[in-house]
Structure formats: structure tokens, C-alpha cells
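Remarks on the structure that follows.
Residue numbers (full-length UniProt numbering): 1 to 117.
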């Protein structure tokens with residue numbers, strides 16, 4: 001009971017858009033059928049998939065990059081810029097390498113400017 005009270009009610013469940021018809025539907029059914037209303041989930045958030053340079057990510061085609069790889073290639077801050085620009089919601093986000101590279105240049109210029117001041 002103590003562990004249940006710790007975890008419930010859920011504040012937010014986040015899932016990909018491909019799970020709406022199955023996982024999330026049953027998630028709602030199970031919680032509303034088995035639990036008192038006070039323990040129902042407070043919210044659900046769905047997101048799209050991430051594309052790289054307008055192409056579907058796929059390991060088999062080589063169009064794939066992990067977050068760790070993006071940070072190593074572009075830096076954490078430039079990766080954040082590109083991800084923030086990529087999109088939001090259930091539409092597929094598009095991580096564009098050019099955006100990440102532009103962020104690196106912008107940040108480098110700002111750092112140089114700050115050091116000169």
C-alpha cells in the first residue's frame with residue numbers, strides 16, 4: 001500500500017504516437033476500470049518520432065544517431081538548439097545537422113565576442 005500511494009496517481013504518462021491505439025488505450029481502460037477516480041492518471045503526452053535531415057531514422061540504412069553521438073559531434077548545447085528547433089507534438093521532429101552546425105558557429109562567435117569585451 002505504501003508503494004502504491006507513492007506512485008499513484010500518476011502525474012504524466014509519455015509515449016510515442018505509435019502506441020496510442022494499443023498501449024495508451026488499454027492504459028486508460030485499465031486505470032478507469034480498476035481504480036478509484038482519485039487514482040486515475042492526471043495526464044498523457046504523445047510525441048512523434050525523430051527524423052534525421054528529413055529522413056526516417058533507420059539503423060539498417062545508416063541514417064541513425066544516438067543522443068550521445070549527437071552531443072559528441074555537435075556539443076550538448078548545439079544539440080539542444082537543434083532539438084528545440086526540430087518540432088513538437090505528435091508530428092515527427094526533424095533533427096537537421098545544418099541547424100546543429102549553425103548553433104556551434106553561433107555559440108563560438110558569441111564566446112569570442114564575450115572574451116573580447
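The beta-carbon is built from N, C-alpha and C at its ideal position, and this holds for glycine as well.
Rounded to the nearest angstrom, what separates residue i and residue j at their Cα positions?
{"i": "residue 10", "j": "residue 101", "result": "39 Å"}
{"i": "residue 63", "j": "residue 52", "result": "7 Å"}
{"i": "residue 106", "j": "residue 60", "result": "33 Å"}
{"i": "residue 1", "j": "residue 37", "result": "17 Å"}
{"i": "residue 115", "j": "residue 65", "result": "33 Å"}
Please tell me whether residue i and residue j are closer than 9 Å, where the distance is taken between their beta carbons.
{"i": "residue 99", "j": "residue 86", "result": "yes"}
{"i": "residue 14", "j": "residue 47", "result": "yes"}
{"i": "residue 89", "j": "residue 49", "result": "no"}
{"i": "residue 70", "j": "residue 82", "result": "yes"}
{"i": "residue 54", "j": "residue 94", "result": "yes"}
{"i": "residue 26", "j": "residue 44", "result": "no"}
Based on Cα-Cα distance, which residue from the options lies nearest to residue i?
{"i": "residue 91", "options": "71, 56, 80 and 81", "result": "56"}
{"i": "residue 75", "options": "18, 27 and 108", "result": "108"}
{"i": "residue 41", "options": "63, 18, 12 and 29", "result": "12"}
{"i": "residue 7", "options": "16, 39, 81 and 61", "result": "39"}
{"i": "residue 104", "options": "93, 73, 116 and 115", "result": "73"}
{"i": "residue 5", "options": "24, 35 and 29", "result": "35"}
Please classify residue i: is it buried, with 16 or more other beta-carbons within 10 angstroms of its beta-carbon, or exposed?
{"i": "residue 79", "result": "buried"}
Checklist entry - Along the chain, which unbroken stretches of the alpha helix (DSSP H) at least 4 residues long are found entirely within the segment 3-73? => result 25-34
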